[in-house]
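S.K.: Going by the working numbering, the sequence shown opens with residue 37, and the numbers climb by one from there.
The structure follows.
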Amino acid sequence: MNVRTVICAPTNVAIKELASRLIALVRNSVEAEYEKSFLPCPLGDMLIFGNKDRLKVGSDIEEISLDYRLERLSHCLVPQTGWRHCVATMLGFLEDCVSQYQIYMDNELIKAKESLQHEVQSNKSFLEFARDRFAHIATPLRRCMSTFLTHLPRSCILENNFQRIVQLMSLLDSMEIFLFEDSSMTSEELENSFLQQQMISSEFVDTSS
Numbered sequence: 037m038n039v040r041t042v043i044c045a046p047t048n049v050a051i052k053e054l055a056s057r058l059i060a061l062v063r064n065s066v067e068a069e070y071e072k073s074f075l076p077c078p079l080g081d082m083l084i085f086g087n088k089d090r091l092k093v094g095s096d097i098e099e100i101s102l103d104y105r106l107e108r109l110s111h112c113l114v115p116q117t118g119w120r121h122c123v124a125t126m127l128g129f130l131e132d133c134v135s136q137y138q139i140y141m142d143n144e145l146i147k148a149k150e151s152l153q154h155e156v157q158s159n160k161s162f163l164e165f166a167r168d169r170f171a172h173i174a175t176p177l178r179r180c181m182s183t184f185l186t187h188l189p190r191s192c193i194l195e196n197n198f199q200r201i202v203q204l205m206s207l208l209d210s211m212e213i214f215l216f217e218d219s220s221m222t223s224e225e226l227e228n229s230f231l232q233q234q235m236i237s238s239e240f241v242d243t244s245s
């Protein structure tokens, strides 16, 4: 039922206990319904009000406290580190990973020359570079998407946007498996995969405008 409910309790201890039990019920329900591990528990429709010092908000109920929720959401909305930046950075990695690696190697060569070394020391292979970059970029992107699913009321997320977020989380997991779990993959094979994908993507780019 899509109804708004206000629950009151006589003491701070009672409020915490009630909130904790409600969160546990929601978590158990979600775990029973969904087997996908990347889906966070949706708590955006619940919010606890009160003096945080008196309530002594802990890890058991902090996800539905107003201050905690505002802090988490604000991190995902700022231009420098928010979700738009994370998505743009991931797209840049997927579309230009090979060229980014060349830039990395050029920079390493410059550093070596500046330090009067004759060759690049301990330079990463393309496979190592791609793994490090993906892990660095995917972590904040996952965090933002998880924050939205956890802290925004379900009514604030359009169904098609919700499905896109779920699909994105699934694709990130698939990409991680592709990069990290195939021990036989070589740098050359991975580079060819990226180059092939770039060629396929370019065929679908609309250049008419």
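We put the beta carbon where it would ideally sit given N, CA and C, even for glycine.
Consult DSSP for Ile84 and reduce its assignment to one of helix, strand or coil.
M.R.: Working through the sequence shown from its first residue, we reach residue 84 at position 48. Note: Ile84 maps to strand in three-state DSSP.
S.K.: Could you please give the first and the last residue of the uninterrupted alpha helix (DSSP H) stretch that includes Lys149?
M.R.: Along the sequence shown, read from residue 1 onward, the residue named residue 149 stands at position 113. Lys149 -> alpha helix (DSSP H) spans 119-150.
S.K.: May I ask you to report which of helix, strand or coil DSSP gives Ser229?
M.R.: What you label residue 229 is simply residue 193 of the sequence shown in a count that begins at 1. Three-state DSSP puts Ser229 in a helix.
S.K.: Measuring only the C-alpha atoms, how far is Gln233 from Phe85?
M.R.: Position 197 of the sequence shown, counting from 1, holds the residue named residue 233. Position 49 of the sequence shown, counting from 1, holds the residue named residue 85. Gln233 and Phe85: Cα-Cα distance of roughly 49 Å.
S.K.: Taking Cβ positions, are Gly80 and His172 nearer each other than 7 Å?
M.R.: For the purposes of this step, residue 80 is taken as residue 44 along the sequence shown, with counting starting at 1. For the purposes of this step, residue 172 is taken as residue 136 along the sequence shown, with counting starting at 1. Taking 7 Å as the Cβ cut-off, Gly80 and His172 do not qualify as a contacting pair.
S.K.: How would you label Glu99, buried or exposed, when you count the other beta carbons within 10 angstroms and need 16 or more for buried?
M.R.: Walking along the sequence shown from the start, residue 99 turns up at place 63. Glu99 comes out buried.
S.K.: According to DSSP, what are the bridge partners of Ser110?
M.R.: Against the sequence shown, residue 110 aligns to sequence position 74. The partner list for Ser110 (beta bridge, DSSP) is empty, contrary to what the question assumes.
S.K.: Where Ile213 and Asn48 are concerned, what is the direct C-alpha to C-alpha distance, given to the nearest angstrom?
M.R.: Residue numbering aside, residue 213 sits at position 177 when the sequence shown is read from its first letter. Residue numbering aside, residue 48 sits at position 12 when the sequence shown is read from its first letter. So the two alpha carbons sit approximately 45 Å from each other.
S.K.: Does the structure place the segment 171-185 close enough to the segment 110-124 that three or more beta carbon pairs sit under 8 Å?
M.R.: Yes, the segment 110-124 touches the segment 171-185.
S.K.: Is DSSP giving Ser206 helix, strand or coil here?
M.R.: In the sequence shown, residue 206 corresponds to position 170, counting from 1. Three-state result, Ser206: helix.
S.K.: Please classify Pro189: is it buried, with 16 or more other beta-carbons within 10 angstroms of its beta-carbon, or exposed?
M.R.: What you label residue 189 is simply residue 153 of the sequence shown in a count that begins at 1. Flag for Pro189 reads exposed.
S.K.: If you run the structure through DSSP and keep just helix, strand and coil, what is Ser101?
M.R.: The sequence position of residue 101 within the sequence shown is 65, counting from 1. It is a strand residue.
S.K.: Can you tell me whether Pro46 is buried or exposed? The criterion is at least 16 other CB atoms within 10 Å of its CB, across all chains shown.
M.R.: Within the sequence shown, residue 46 is the residue found at index 10, counting from 1. With fewer than 16 other Cβ atoms within 10 Å, it is exposed.
S.K.: To the nearest angstrom, how far is the alpha carbon of Leu207 from that of Glu217?
M.R.: Taking the first residue of the sequence shown as 1, we reach residue 207 at position 171. Taking the first residue of the sequence shown as 1, we reach residue 217 at position 181. Spanning the two alpha carbons is a distance of roughly 15 Å.
S.K.: What are the start and end residues of the alpha helix (DSSP H) that includes Glu164?
M.R.: For the purposes of this step, residue 164 is taken as residue 128 along the sequence shown, with counting starting at 1. First-last of the alpha helix (DSSP H) with Glu164: 162-187.
S.K.: What do you get for Glu239, buried or exposed, if any count of 16 or more other CB atoms within 10 angstroms of its CB means buried?
M.R.: The residue given as residue 239 occupies position 203 in the sequence shown. For Glu239, the predicted structure reports a pLDDT of 46, less than 50, and the residue's modelled location is therefore unreliable. The matter cannot be settled from this model.
S.K.: Considering only the alpha carbon of each residue, which of Phe170, Asp96, Thr175, Ile97 lies closest to Asp132?
M.R.: As a position in the sequence shown, residue 132 is number 96, starting the count at 1. For the residues Phe170, Asp96, Thr175, Ile97, the minimum Cα distance to Asp132 belongs to Phe170.
S.K.: Looking at Leu177: is its Cβ nearer than 7 Å to the Cβ of Met126?
M.R.: Residue mapping note: residue 177 aligns to position 141 of the sequence shown, counting from 1. Residue mapping note: residue 126 aligns to position 90 of the sequence shown, counting from 1. Result yes, Cβ atoms of Leu177 and Met126 sit closer than 7 Å.
S.K.: Taking Glu225 as the reference, give the member of Leu204, Ala174, Leu163 with the closest Cα.
M.R.: Here the question's residue 225 lines up with position 189 in the sequence shown. If we check each option's Cα against that of Glu225, Leu163 comes out closest.
S.K.: Would you kindly work out how many angstroms separate the C-alpha atoms of Ala50 and Leu91, rounded to a whole number?
M.R.: In the sequence shown, counting from the first residue as 1, residue 50 sits at position 14. In the sequence shown, counting from the first residue as 1, residue 91 sits at position 55. If I take the Cα positions, the gap works out to 10 Å.
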